[in-house]
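Chain order of the listed sequences is A and B.
The opening residue of the first sequence carries number 1 in full-length UniProt numbering; numbering runs sequentially from there.
The opening residue of the second sequence carries number 1 in full-length UniProt numbering; numbering runs sequentially from there.
By construction, the Cβ of each residue, glycine as well, lies at the ideal position given by its N, Cα and C atoms.
Okay, so here's the structure we're looking at.
There are 2 protein chains.
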Amino acid sequence: MARTSLSGFPELLPETRMVEQRAIDSLRRSFELHGFAGIETRAVEPLDQLLRKGETSKEVYLLRRLHEESVEGHSGIGLHFDLTVPFARYVLENAGKLSFPFRRYQIQKAWRGERPQEGRYREFTQADIDIVGRDALPFHHDVEVTRVMAQAMARLADPALLGLPGFRIQVNNRKLIQGFYAGLGVPDPEEAMRIVDKLDKLPAEKVGELLTELEGIDAAMADRILELAGIRSAEPAEVARAVRDLGVTHELLDTGLEELLALLSACADLHDEHVSIEADLSIARGLDYYTGTVFETRMTGYESLGSICSGGRYDALATDGKTTYPGVGISLGLSRVIVPVIARTGLRASRPVPSAVLVAVADEESRAASEAVAAALRTRDIPCEVAPTAAKFGKQIRYADRRGIPFVWFSGDEGDQVKDIRSGEQVAAEAATWAPPRDDLVPQVVSEP
Amino acid sequence: MARTSLSGFPELLPETRMVEQRAIDSLRRSFELHGFAGIETRAVEPLDQLLRKGETSKEVYLLRRLHEESVEGHSGIGLHFDLTVPFARYVLENAGKLSFPFRRYQIQKAWRGERPQEGRYREFTQADIDIVGRDALPFHHDVEVTRVMAQAMARLADPALLGLPGFRIQVNNRKLIQGFYAGLGVPDPEEAMRIVDKLDKLPAEKVGELLTELEGIDAAMADRILELAGIRSAEPAEVARAVRDLGVTHELLDTGLEELLALLSACADLHDEHVSIEADLSIARGLDYYTGTVFETRMTGYESLGSICSGGRYDALATDGKTTYPGVGISLGLSRVIVPVIARTGLRASRPVPSAVLVAVADEESRAASEAVAAALRTRDIPCEVAPTAAKFGKQIRYADRRGIPFVWFSGDEGDQVKDIRSGEQVAAEAATWAPPRDDLVPQVVSEP
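Structure representation (structure tokens):
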């Protein structure tokens, strides 16, 4: 399982790394099927890029070459703490070579020097999708990223693949909140939103108190704000009625509500036992750059991790002064999902090696013949390895057994045989034609606490 | 192509990232077919691990949290500069949970703060395979890693996959050299080896001069040393004769020569138009920890890059005082190979998006119907995207054309049609059954300077 010898830098054993790798492969497949191109950005960014948003600055790792003698004590670069800042920079740098709207996915590590805890690491893998337009980006792309990520998560939750716990996507819309607050007469909607965002950490009463401490918010307004934040439903009609019932009107509220309802309606067909999508009007996302749709996601049974997949619409993901690039994106915290599930459930591959077959070696003189059998199996995509020593066959079988390799192959003058060491069944076989059952070809994902 | 806005940190556009991704996928497949398990180690190591070998210490990037106030000005950790140091640490930490011999591959980024040039970057991807034993590791594993990497490189060079230039693997054996030097009476074989290792940078005469400057080496001995280093052949018998003709005898020389000949013989069947394996007795590898087989690799036409794939046998990859873990491994400099080839030959994917089909949108009201067509295609693993706007069909076709998407799908009341926009051919089709030709399903790798 995850090592903790350097706190916050989890490492996986081969049988759990296979689980993570399978998750990455599945995400990649989901994203590519939807036309998203994969990119990677360098691990480092100039400090001025990384420190634009004050709130995360304390978590940045700066780099310094061992013998560097700069006055600042660093090289002016640091490790990226997310994939959005680098992506915005990449879009600006390559704008002339990209076609817009530009769809990209990016599955990469990021680093933050914060205090480690379950689901929160100093090194972690994120899986991001974003769609970026030049000057404009129609709203239907908000629907698109929601659908793509919902389907990607549904695959991860599919018991046939990884069987991760279910995912609950919670959607809101910043225009709706801003319009509502403006209609109410809240003087500083941004500040009020930041307080409402604490609802998952503080009780509603306490949040109400904090709200009334703001200038221009009385108890009645605070109540309305909390009532709005209490609305939670997957049914567009129910959401619409609940919002309207609060009696606040504002043009921006109408636009935001319309977008939220459109998103819910367009995703109604995606609900299944693994994934649900619902409006949760308490979701505000602390980050200032979101301007419309906002997402968070909870994993069933792992609510203490907080949101494991978040994002939203930003009308200015990037700008070079002349051109503005609006975007909508969502970021899945892969390490935040995988490492805790592995720790709690014992999720792992059924064997720590890819090999489906161990080719036995009768004596060192015939090692080349065993290698030839292995080579023949590999031409038909059967992963295998050759026994490391020409020990007694019993010992070679135990070697396979310890690794969970299901089949052992014996070559001989009277023809080859292959033994299923689980059942003990041994049959005549030819390396040019024999194949293991499909389920044995690659390791399966199993759960064993 | 690769951006140079931060010197030494190359970034790829989507169409070239696809080339790199395909190389990674192919390497992974090759390694897994041979029973190697994939692992990743964290990007950082404690400084004492990183600085054990003095020679690379200047290239290490130290990490410091922005507000860290340690006396040293860093966090005591730095980015790894290769994958061998972290792997040795991983083996020691997890020895109780691994089965030996342990085969692993690791495809990951590493960082060095050295001066960037073609093929040499500050951030780069390495693909390593190693086999590690506990206490002992038979020689046939030297053959195994050579064969696995040779076959992995042959796949990369296969025109049907990436069509990279050919690879020439050069093998030597440190026991052979050490035994030869001992038989000659060279007082400090290590130092002599370090000088011979300069043969690819300095003319032989100059190297000869440097050798005679060492204590106890006269001109005749230097000549023998250079004659040995001049031996180059893929034929075991020829190598044996050339070495024997020099008239030096020593037990260690015999052992090393025997191993080298065994390796050449065991790899004789792998020679093809893409990969060759030959003895080159000038290869010494500067690193002290190699104790037997050593490898380097040149890429045809890119000799100026130096060795792009190197490694060897180390009798003590790791040790915890009680137990010693011998290993043999080889490390392919993927960035060193891919980035220059992309720059020089224009190697890239035939389109910058995975999509094989653009599903046209007649009007925004029917977007959901177009989405349904796309969903049906995706269930049969056909990557596609839906047009971003309900523009005139001509404009939607140009949208596809700019991205190299070969097919545009039109839905209509009188049935669906799909158009191959290269030929203009348009046919009736059903989303539940139609599929593009195999070559169009995923982007092809093309070369266009």
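- DSSP, reduced to helix, strand and coil, places B:Thr16 within a helical segment of the structure shown.
- Annotation for A:Tyr181: the continuous alpha helix (DSSP H) segment containing it runs Arg174 to Leu184.
- With respect to A:Leu62, A:Gly78 sits close: the two C-beta atoms are nearer than 8 angstroms.
- With a cut-off of 8 angstroms on Cβ pairs, the stretch 177 to 194 of chain A is not in contact with the stretch 295 to 309 of chain A, counting fewer than three such pairs.
- The C-beta separation of A:Arg28 from A:Ile107 comes to about 7 angstroms, placing the pair in contact by the 8 angstroms criterion.
- Going by DSSP, B:Leu358 is part of the beta strand (DSSP E) stretching over Val357 to Val359.
- If only complete runs of 4 or more residues are kept, the stretch 137 to 163 of chain A shows the alpha helix (DSSP H) at 140 to 157, in order along the chain.
- A:Glu144 counts as buried, since no fewer than 16 other beta carbons sit within 10 angstroms of its beta carbon.
- In the structure shown, B:Leu63 falls within a strand segment according to DSSP collapsed to helix, strand and coil.
- Contact with chain B is absent for A:Glu259, since none of that chain's Cβ atoms lies less than 8 angstroms from the residue's Cβ.
- At a cut-off of 8 angstroms between beta carbons, B:Gly38 contacts chain A.
- Under a criterion of Cβ atoms nearer than 7 angstroms, the residues of chain A adjacent to B:His140 are, in order, Arg367.
- The residue from B:Leu377, B:Val386, B:Thr379 and B:Gln117 with its alpha-carbon nearest to that of B:Ser370 is B:Val386.
- In this structure, the straight-line span from the alpha carbon of B:Pro406 to that of B:Val446 is close to 15 angstroms.
- When the Cα atoms are used, B:Pro352 and A:Ile129 turn out to be separated by approximately 16 angstroms.
- Under the DSSP definition of a beta bridge, A:Ile195 lacks any partner.
- When secondary structure is reduced to three states using DSSP, A:Thr125 falls in the strand class.
- For B:Phe87, the uninterrupted alpha helix (DSSP H) run begins and ends at Thr84 to Asn94, by DSSP.
- Taking a contact to require three or more Cβ pairs closer than 8 angstroms, the stretch 318 to 327 of chain B and the stretch 82 to 97 of chain B qualify as touching.
- Closer than 8 angstroms at the C-beta level to chain A, one finds no residue of the stretch 219 to 246 of chain B.
- Nearest to A:Ser276 by C-alpha distance, out of A:Val196, A:Glu296 and A:Gly424, is A:Glu296.
- Relative to the Cα of A:Gly113, the nearest Cα in the group A:Ile283, A:Glu123 and A:Gly119 belongs to A:Glu123.
- Using a Cβ-Cβ cut-off of 8 angstroms, B:Ala150 does not count as an interface residue toward chain A, since no Cβ of chain A sits closer than that to its own.
- For A:Leu334, the nearest beta carbon of chain B is not closer than 8 angstroms to its own beta carbon.
- Look at B:Cys267: its C-beta is not under 8 angstroms from any C-beta on chain A.
- Around the C-beta of A:Ser423, fewer than 16 other C-beta atoms lie within 10 Å, and the residue is accordingly described as exposed.
- Inclusion of A:Gly179 and A:Gly256 in the CB contact set at 8 angstroms is warranted, their separation being smaller than that value.
- A:Ala110 sits close to A:Phe81, with the two beta carbons spaced by under 8 angstroms.
- Within the model, the alpha-carbon separation for B:Arg336 versus B:Ile308 is close to 7 angstroms.
- Shown here, A:Tyr314 sits in a strand according to DSSP, grouped into three states.
- Nearest in C-alpha terms to A:Leu261, of all of A:Leu377, A:Ile24 and A:Lys175, is A:Lys175.
- Only residues of its own chain outside the window of five on either side were considered, and among them Ala360 and Gln417 have a CB closer than 6 angstroms to the CB of A:Phe410, listed in chain order.
- In this structure, DSSP gives B:Ile107 an extended state, which the three-state scheme calls strand.
- If you draw a straight line from the Cα of B:Leu202 to the Cα of B:Asp272, it comes to about 31 angstroms.
- Residue-level contact by beta carbon holds for A:Gln21 and chain B, with a gap shorter than 8 angstroms.
- B:Gln170 has its alpha-carbon roughly 17 angstroms from the corresponding atom of B:Ala242.
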